[in-house]
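Visitor:
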Amino acid sequence: AVKVACHNAARYFLLNNRGAIAPGYLADFVVIDSFEDFHIEKVFKKGVLMAENGVVRDFPAPEIEPYLTQRAHSTFHLGRLTAEDFQDHRPRGIIGMVDGEITTQDAGYSDRIDVEYDVLKIAVVERHKNTRHIGIGFIQGYGLKSGAVATSISHDSHNIIVVGTNEADMAAAVNRVVELGGGIVVWDGGAPIAEVPLAIAGIMSDEPLEMVNEKLETAKKRAHGLGVGTGIDPFMTLSFMALPVIPSLRITTRGVFDVNSQSYV
Numbered sequence: 228a229v230k231v232a233c234h235n236a237a238r239y240f241l242l243n244n245r246g247a248i249a250p251g252y253l254a255d256f257v258v259i260d261s262f263e264d265f266h267i268e269k270v271f272k273k274g275v276l277m278a279e280n281g282v283v284r285d286f287p288a289p290e291i292e293p294y295l296t297q298r299a300h301s302t303f304h305l306g307r308l309t310a311e312d313f314q315d316h317r318p319r320g321i322i323g324m325v326d327g328e329i330t331t332q333d334a335g336y337s338d339r340i341d342v343e344y345d346v347l348k349i350a351v352v353e354r355h356k357n358t359r360h361i362g363i364g365f366i367q368g369y370g371l372k373s374g375a376v377a378t379s380i381s382h383d384s385h386n387i388i389v390v391g392t393n394e395a396d397m398a399a400a401v402n403r404v405v406e407l408g409g410g411i412v413v414w415d416g417g418a419p420i421a422e423v424p425l426a427i428a429g430i431m432s433d434e435p436l437e438m439v440n441e442k443l444e445t446a447k448k449r450a451h452g453l454g455v456g457t458g459i460d461p462f463m464t465l466s467f468m469a470l471p472v473i474p475s476l477r478i479t480t481r482g483v484f485d486v487n488s489q490s491y492v
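Going by our numbering, 237 is the number at position 10 of the sequence shown; the sequence numbering is gapless.
1) Would you say I340 and T331 are within 8 Å of each other, going by their C-beta atoms?
2) Considering only residues of the stretch 283-341, which uninterrupted alpha helix (DSSP H) runs meet the minimum length of 4 residues and lie entirely inside it, listed in chain order?
3) DSSP puts T479 in a beta bridge; with which residues?
4) What are the complete beta strand (DSSP E) segments, minimum 3 residues, inside the stretch 342-409?
5) State the CB to CB distance for the pair F271 and D285, rounded to an integer number of angstroms; the pair is presumed to be in contact (CB under 8 Å).
6) In angstroms, rounded to a whole number, what distance separates the CA positions of G456 and Y369?
7) Can the beta-carbon of E422 be found closer than 8 Å to that of A450?
8) So, at 6 Å on beta carbons, what are the nonlocal neighbours of I349 in its own chain, with the 5 sequence-adjacent residues on each side left out?
9) Under a Cβ-count criterion, where at least 16 other Cβ atoms within 10 Å of its own Cβ denotes burial, should P424 be classed as buried or exposed?
10) Per DSSP, which residues does P471 bridge with? Please list them.
11) Per DSSP, what are the beta-bridge partners of Y491 in this structure?
12) Nearest by alpha-carbon distance to G374: which of T296, V413, N440 is it?
13) Here's the rule: buried if 16 or more other CB atoms are within 10 angstroms of the residue's CB, otherwise exposed. What is G274?
14) If you compare alpha carbons, which of F313, E441, L371, M438 is closest to E343?
15) Out of R307, G320, D345, N393, point me to the one whose CA is closest to E353's CA.
16) Can you list, in chain order, the residues of its chain whose CB lies under 6 Å from that of I420, leaving out five sequence neighbours each side?
17) With L276 as the anchor, note down where its beta strand (DSSP E) starts and where it stops.
18) How would you write the range of the beta strand (DSSP E) that V258 sits in, first residue to last?
19) Which ranges does the alpha helix (DSSP H) cover as unbroken runs of at least 4 residues, wholly within the stretch 413-458, from first to last along the chain?
20) When you compare the CB positions of A469 and V351, do they come within less than 8 Å of one another, or not?
21) Just the C-alpha distance for T378 and G251, rounded to the nearest angstrom, thanks.
22) Please state if the CB of F313 and the CB of A398 are separated by a distance shorter than 8 Å.
23) Note down, in chain order, each residue of its chain lying with its Cβ closer than 6 Å to the Cβ of A395, except the 5 sequence neighbours on either side.
24) Look at the alpha carbon of K356 and the alpha carbon of L305, and state the distance between them as a whole number of angstroms.
25) Compute the beta-carbon to beta-carbon distance between A232 and I427, rounded to the nearest angstrom, for a pair I have assumed lies under 8 Å.
26) Under DSSP, the alpha helix (DSSP H) around R238 begins and ends at which residues?
27) Just reading off the beta strand (DSSP E) that E268 is part of, what are its end residues?
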């Protein structure tokens with residue numbers, strides 16, 4: 228198993244200076260107590276001891292070119308949206324969520340939001356080149372009773388995905404994500420009630436882990452408080468709704484896509 232994870236993987240991906248301890252290799256390796264317990268005692272990076280018995284040694288942060296920092300923090304190219312941008316009275320496919328899974332099912336069609344029957348509007352907003360492409364559909368099984376939830380973690384293109392009980396809150400949540408430079412927003416009552424800024428490309432944070440985790444857990448609680456099912460991760464689940472390779476229905480910037488038939492519905 229160790230050889231498969233190290234040597235074989237390095238050979239397969241043509242990482243010819245990794246995956247073994249030998250002349251000409253980078254000397255990236257760990258020292259363990261035994262193959263039975265597999266407790267890591269030491270970690271070496273390029274032959275230098277970096278961690279011992281769980282204690283990481285201080286090391287300088289790598290230098291980053293200023294222009295890369297600027298590019299990584301300026302990735303949203305999108306004008307301000309309004310409720311009208313999310314209005315469409317044509318029937319659209321309903322993405323039916325499946326409990327405990329990221330697969331979905333075809334739940335028919337709708338031409339309106341119906342919170343009582345848990346039919347919410349879902350949309351993906353293109354955010355990289357300001358094309359104004361907005362794919363609109365419906366989703367059932369998310370459980371939201373008020374407001375909207377939006378996130379720029381939206382596999383794989385990482386556009387902005389939003390689900391809401393009305394178009395005005397959807398537009399406001401998306402606009403707030405753009406103002407943050409990326410992130411997660413739970414919107415209700417005309418204001419964000421929780422948000423997690425993700426300033427690096429809209430998918431990562433430059434804040435300390437503890438701070439990010441605290442904001443994330445708070446945002447989850449707020450989303451659950453608005454009705455999202457307690458068995459659902461409000462943001463992870465939503466991010467996968469935009470990944471058009473998992474059956475059966477997904478949402479893209481062009482609308483609801485049937486993965487099985489490879490066609491829009």
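From the three backbone atoms N, C-alpha and C, an ideal C-beta is built for every residue, glycine too.
The structure displayed is predicted, hence computed values, not measured ones.
Guide: The short version:
1) For the purposes of this step, residue 340 is identified with residue 113 of the sequence shown, where counting begins at 1. For the purposes of this step, residue 331 is identified with residue 104 of the sequence shown, where counting begins at 1. The answer is no: Cβ separation not under 8 Å.
2) Whole alpha helix (DSSP H) segments, 4+ residues: 293-299.
3) Taking the first residue of the sequence shown as position 1, residue 479 is located at position 252. G482, per the DSSP bridge assignment.
4) Runs of the beta strand (DSSP E) inside the stretch 342-409: 346-352, 361-367, 375-378, 387-391.
5) Position 44 of the sequence shown, counted from the first residue, corresponds to residue 271. Position 58 of the sequence shown, counted from the first residue, corresponds to residue 285. Not quite, the Cβ-Cβ distance comes to about 16 Å (not below 8 Å), so this is no contact.
6) Counting from one through the sequence shown, the residue named residue 456 turns up at place 229. Counting from one through the sequence shown, the residue named residue 369 turns up at place 142. One alpha carbon belongs to G456, the other to Y369, and they sit about 7 Å apart.
7) Against the sequence shown, residue 422 aligns to sequence position 195. Against the sequence shown, residue 450 aligns to sequence position 223. Cβ atoms of E422 and A450: not closer than 8 Å.
8) Position 122 of the sequence shown, counted from the start, is the residue given in the question as residue 349. G364, I366, V390, I478, listed in sequence order.
9) Position 197 of the sequence shown holds residue 424. With 16 or more other Cβ atoms from the protein chains shown falling within 10 Å of its own Cβ, P424 counts as buried.
10) Your numbering for residue 471 matches position 244 in the sequence shown. Answer is none; P471 lacks a bridge partner.
11) Taking the sequence shown and counting its residues from 1, one reaches residue 491 at position 264. Answer is F484, bridged to Y491.
12) Start at 1 with the first residue of the sequence shown, and residue 374 comes out as number 147. When only C-alpha atoms are compared, the closest one is V413.
13) In the sequence shown, residue 274 corresponds to position 47, counting from 1. Answer is exposed; the Cβ neighbour count stays below 16.
14) Here residue 343 refers to the residue found at position 116 of the sequence shown. Ranking F313, E441, L371, M438 by Cα distance to E343 puts L371 first.
15) Taking the first residue of the sequence shown as position 1, residue 353 is located at position 126. Of R307, G320, D345, N393, the residue nearest in Cα terms is R307.
16) For the purposes of this step, residue 420 is identified with residue 193 of the sequence shown, where counting begins at 1. Around I420: V413, R449.
17) Translated into the one-based positions of the sequence shown, residue 276 becomes position 49. Run containing L276: 275-279, per the beta strand (DSSP E) assignment.
18) Residue mapping note: residue 258 aligns to position 31 of the sequence shown, counting from 1. Boundaries of the beta strand (DSSP E) around V258: 256-259.
19) Entirely contained in the stretch 413-458, the alpha helix (DSSP H) runs reaching 4 residues are, in chain order, 436-452.
20) Taking the sequence shown and counting its residues from 1, one reaches residue 469 at position 242. Taking the sequence shown and counting its residues from 1, one reaches residue 351 at position 124. Yes, Cβ-Cβ distance for A469 and V351 is below 8 Å.
21) In the sequence shown, counting from the first residue as 1, residue 378 sits at position 151. In the sequence shown, counting from the first residue as 1, residue 251 sits at position 24. Here the alpha carbon of T378 sits roughly 45 Å from the alpha carbon of G251.
22) Taking the first residue of the sequence shown as 1, we reach residue 398 at position 171. Taking the first residue of the sequence shown as 1, we reach residue 313 at position 86. Yes; because the gap between Cβ atoms is below 8 Å, this pair is in contact.
23) As a first step, residue 395 is located in the sequence shown; it is residue number 168 there, counting from the start. Apart from sequence neighbours up to five positions away, the residues of its chain that approach A395 with a beta-carbon distance below 6 Å are A310, ordered along the chain.
24) Here residue 356 refers to the residue found at position 129 when the sequence shown is read from its first residue. Here residue 305 refers to the residue found at position 78 when the sequence shown is read from its first residue. The straight-line gap from Cα to Cα measures roughly 7 Å.
25) Start at 1 with the first residue of the sequence shown, and residue 232 comes out as number 5. Start at 1 with the first residue of the sequence shown, and residue 427 comes out as number 200. No, A232 and I427 are not in contact; Cβ-Cβ is about 28 Å, not under 8 Å.
26) As a position in the sequence shown, residue 238 is number 11, starting the count at 1. Annotation: the continuous alpha helix (DSSP H) that includes R238 extends over 236-239.
27) As a first step, residue 268 is located in the sequence shown; it is residue number 41 there, counting from the start. Residue range 267-272 is occupied by the beta strand (DSSP E) that includes E268.
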